[in-house]
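Everything on this sheet refers to the single structure shown next.
In the numbering used here, the protein residues as written are 1072 to 1339.
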């Protein structure tokens, strides 16, 4: 039956009211809104370990398989600047990565702090030296996280907010490396694996607190990687790789798409 013009108008108004009440109208508007997105950070954001690196990014080793590029490909932001770089510390982010930020920036993602805390050296020490030396090195890194890292994170977060005052900033953490009691039959001891996991938790807790104090969102990826740690039998993380040492203890392509991406998507 064909609706009269009055009936059609009434139905349209009713639909609009329902959409408004249910929030569906707002969701539609949000999904179509233009977003200017800037991805900052270290190798966990550039995508080291995922392969298929962009040659133009040089030693930064950015890849379309990294969670920022995957999110951008799926959401078609109006602009996407990808400045994350392998090896970056807090001062590298502030010195070299903030250029694309502006008052128009709507969304920022960031992983940083692991290089400052020396986790690459922690892992080298633990792989090559004794258990006692490994445990002592982890404790040294934790002391740095307590004493020095908070001010360094504050510096980065303040600089981001200054350049992008209206942006939603999502700070992502790091996964635990090991499944305890898992499938590994050689390599590090369980005490070493437990200590390294504890070091990651310590770093994440400090990062989460500083992010919250700046009004930023913190995205915890540890739960997403549970069941996919090294020694799990289904790892989303590279173990030590003597042929490509730089990829050791970094997420695989599956870790980026199955671990980091869903957590970022839910928080962004």
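From the three backbone atoms N, C-alpha and C, an ideal C-beta is built for every residue, glycine too.
The beta strand (DSSP E) that contains residue 1153, what's its start and end?
Within the chain shown, residue 1153 is the residue found at index 82, counting from 1. Residue 1153 -> beta strand (DSSP E) spans 1150 to 1153.
DSSP beta-bridge partners for residue 1320?
Locating residue 1320 in the chain shown gives position 249, counting from the first residue. None; residue 1320 has no bridge partner.
Just how far apart, CA to CA, sit residue 1187 and residue 1144?
Counted from its first residue, the chain shown places residue 1187 at position 116. Counted from its first residue, the chain shown places residue 1144 at position 73. If you take the alpha carbons of residue 1187 and residue 1144, they lie about 30 Å apart.
Do the segment 1133 to 1143 and the segment 1184 to 1199 meet, that is, are 3 or more Cβ pairs less than 8 Å apart?
no
What separation, rounded to the nearest whole angstrom, lies between the Cα atoms of residue 1232 and residue 1238?
Taking the first residue of the chain shown as 1, we reach residue 1232 at position 161. Taking the first residue of the chain shown as 1, we reach residue 1238 at position 167. Computed Cα separation, rounded: 8 Å.
Does residue 1314 get closer than 9 Å to chain D when you measure Cβ to Cβ?
The question asks about chain D, but that chain is absent: this structure has only one protein chain.
Taking Cβ positions, are residue 1190 and residue 1212 nearer each other than 9 Å?
As a working note, residue 1190 is residue 119 in the chain shown. As a working note, residue 1212 is residue 141 in the chain shown. Yes, they are a contact pair.
Would you list, in sequence order, the uninterrupted alpha helix (DSSP H) runs of no fewer than 4 residues that lie entirely inside the segment 1203 to 1270?
1220 to 1234
Hey, is the segment 1264 to 1279 in contact with the segment 1310 to 1317, meaning 3+ C-beta pairs nearer than 8 Å?
Cβ pair count under 8 Å is below three, so no.
Name the DSSP beta bridge partners of residue 1169, please?
Position 98 of the chain shown holds residue 1169. Partner(s): none; residue 1169 has no beta bridge.
Is residue 1164 helix, strand or coil when you go by DSSP?
Residue 1164 sits at position 93 when you count from the first residue of the chain shown. Three-state DSSP puts residue 1164 in a helix.
Between the Cα of residue 1344 and the Cα atoms of 1203, 1226, 1170, 1281, which residue gives the shortest distance?
Since the first residue of the chain shown is 1072 and the last is 1339, residue 1344 is not available in this structure.
Count the C-beta pairs between the segment 1153 to 1169 and the segment 1300 to 1308 that are closer than 8 Å, then say yes if the count reaches three, no if not.
Touching, no.
Can you give me the Cβ contacts of residue 1290 inside the same chain, cut-off strictly under 8 Å, excluding the 5 residues immediately before and after it?
Stepping through the chain shown from its first residue, residue 1290 is reached at position 219. For residue 1290, where only same-chain residues beyond five positions count, the Cβ hits under 8 Å are 1241, 1242, 1243, 1244, 1334, 1335, 1337, 1338.
Would you give the residue range spanned by the alpha helix (DSSP H) that residue 1116 belongs to?
The count along the chain shown starts at 1 and reaches residue 1116 at position 45. Where residue 1116 is concerned, the enclosing alpha helix (DSSP H) stretches over 1114 to 1117.
Do residue 1149 and residue 1109 have their CB atoms nearer than 9 Å?
As a first step, residue 1149 must be located in the chain shown, where it is residue number 78. As a first step, residue 1109 must be located in the chain shown, where it is residue number 38. The answer is no: Cβ separation not under 9 Å.
Residue 1124 by DSSP, collapsed to three states: which one?
Stepping through the chain shown from its first residue, residue 1124 is reached at position 53. Coil.
Just the C-alpha distance for residue 1120 and residue 1234, rounded to the nearest angstrom, thanks.
Position 49 of the chain shown holds residue 1120. Position 163 of the chain shown holds residue 1234. Cα-Cα distance, rounded: 30 Å.
Does residue 1219 pass the burial test, meaning 16 or more other C-beta atoms within 10 Å, or should it be called exposed?
Your numbering for residue 1219 matches position 148 in the chain shown. It is exposed - the Cβ of residue 1219 has fewer than 16 other Cβ atoms within 10 Å.
Could you give the residue range of the beta strand (DSSP E) that holds residue 1308?
What you label residue 1308 is simply residue 237 of the chain shown in a count that begins at 1. From DSSP, residue 1308 is part of no beta strand (DSSP E); its letter is neither H nor E.
Please say whether residue 1298 and residue 1183 have beta carbons closer to each other than 9 Å?
By 1-based counting over the chain shown, the position of residue 1183 is 112. By 1-based counting over the chain shown, the position of residue 1298 is 227. Their beta carbons are not under 9 Å apart, which means residue 1183 does not touch residue 1298 by this criterion.
Could you check which residue in 1126, 1172, 1181, 1163 has the C-alpha nearest to that of residue 1292?
For the purposes of this step, residue 1292 is taken as residue 221 along the chain shown, with counting starting at 1. Considering only alpha carbons, the answer is 1181.
Rounding to the nearest angstrom, what Cα-Cα distance links residue 1185 and residue 1322 in this structure?
Here residue 1185 refers to the residue found at position 114 when the chain shown is read from its first residue. Here residue 1322 refers to the residue found at position 251 when the chain shown is read from its first residue. Approximately 14 Å between the Cα atoms of the pair.
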